[in-house]
Amino acid sequence: MIAATLPASSGWQWLKDAFQIFRKQPFALLALLFVINLISQILMQIPVLGVGLFIITMPIASLIVVSACRDIQGKPAGFNHLDPKSWIASLQKPKVISRLALSGFIYAALLLLLSVVLLYPLLDEQTIAQISSIVYGAQSGADASAEALPDGGTIVLLLGWAILLFVVTLMFWHVPQLIGWEGLTIGKAIFYSFVASWRNKGAFLMYFLSWFLLFVLLQFIVIPLLVVLRLAKAC
1 MIAATLPASS
11 GWQWLKDAFQ
21 IFRKQPFALL
31 ALLFVINLIS
41 QILMQIPVLG
51 VGLFIITMPI
61 ASLIVVSACR
71 DIQGKPAGFN
81 HLDPKSWIAS
91 LQKPKVISRL
101 ALSGFIYAAL
111 LLLLSVVLLY
121 PLLDEQTIAQ
131 ISSIVYGAQS
141 GADASAEALP
151 DGGTIVLLLG
161 WAILLFVVTL
171 MFWHVPQLIG
181 WEGLTIGKAI
191 FYSFVASWRN
201 KGAFLMYFLS
211 WFLLFVLLQF
221 IVIPLLVVLR
231 LAKAC
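For the sequence shown, counting from 1, position 106 maps to 106 in the UniProt record's numbering; every step adds exactly one.
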């Protein structure tokens, strides 16, 4: 199993491909995501066991969504007949569900470990207030924002947490597909997922950056502009 090495620009292409798939079958994908979100919300309401069940469903839901996208992508434009049975066909293979569930627990455990080790020292009121001021924006101008900047040690811990979070994300990015489609064990799936993702880390950085810029564009430019235009029209 050899992983291809793609240019960084592929990250932007992945985002465009995702929107093209969505344009082919928007209602089917929205319905699928609605059902998955509804099930997740129901699981989260279960006392004690809810969080654990939610963690189990994460890689399972991921495999279903990716399988649906692959089915839609393989169909020509205007083709309305879908095969939802193929979206869950991989889950019927031996040990797939148990491996996906265990991979979800491993992923959650690693994230919890990173958060406890690197973020626990930051859980004091002053540091939380500083970070919140930066995230949500200070209301009193640039000077107040500069005063609210955390110290160098806090910045180093946050950067270290972000870098390790990126690495862990790469480790598990392809795990559901490798387990469900290729029948790999958890260890092999994590290994090959990390190798394939790390060889294309530039493309992944571009992919995440594209999503971030799209969010910023919508949050701080498009939505305020629509509000202004609506107010101007009302006047």
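From the three backbone atoms N, C-alpha and C, an ideal C-beta is built for every residue, glycine too.
Considering only C-alpha positions, which residue in the set the options is nearest to residue i?
i, options, result
"residue 65", "52, 91 and 45", "91"
"residue 20", "72, 5 and 38", "72"
"residue 154", "120, 186, 56 and 181", "120"
"residue 107", "11, 94 and 186", "186"
"residue 93", "3, 176 and 70", "176"
"residue 112", "221, 182, 212 and 161", "161"
Can you list, in chain order, the residues of its chain whose CB lies under 6 Å from that of residue i, leaving out five sequence neighbours each side?
i, result
"residue 36", "61"
"residue 10", "203"
"residue 97", "91"
Could you check whether residue j and residue i sit closer than 8 Å to each other, using their CB atoms as the reference points?
i, j, result
"residue 184", "residue 157", "no"
"residue 114", "residue 164", "yes"
"residue 179", "residue 110", "no"
"residue 103", "residue 86", "no"
"residue 22", "residue 29", "yes"
"residue 6", "residue 200", "yes"
Looking only at its chain, what residues have a beta carbon closer than 8 Å to the beta carbon of residue i, apart from the 5 residues adjacent to it on each side?
i, result
"residue 44", "50, 51 and 54"
"residue 174", "189, 192, 193, 196 and 197"
"residue 89", "67"
"residue 214", "15"
So, does the CB of residue i fall closer than 8 Å to a CB anywhere in chain C?
i, result
"residue 68", "Among the chains of the structure shown, chain C does not appear; only one protein chain is present."
What's the gap between the Cα of residue i and the Cα of residue j?
i, j, result
"residue 223", "residue 46", "36 Å"
"residue 138", "residue 210", "Confidence in residue 138 is poor, its pLDDT being 44 and thus under 50, which makes the residue's placement unreliable; the coordinate value appears in the next sentence. Residue 138 and residue 210: Cα-Cα distance of roughly 25 Å."
"residue 12", "residue 48", "40 Å"
"residue 241", "residue 39", "One cannot answer for residue 241 here, as it falls past the ends of the chain, which runs 1 to 235."
"residue 204", "residue 26", "25 Å"
"residue 41", "residue 34", "10 Å"
"residue 81", "residue 227", "39 Å"
"residue 181", "residue 8", "26 Å"
"residue 166", "residue 225", "33 Å"
Beta-carbon within less than 7 Å of residue i's beta-carbon, same chain only, minus the 5 sequence neighbours each way: which residues are those?
i, result
"residue 105", "55"
"residue 171", "190, 193 and 194"
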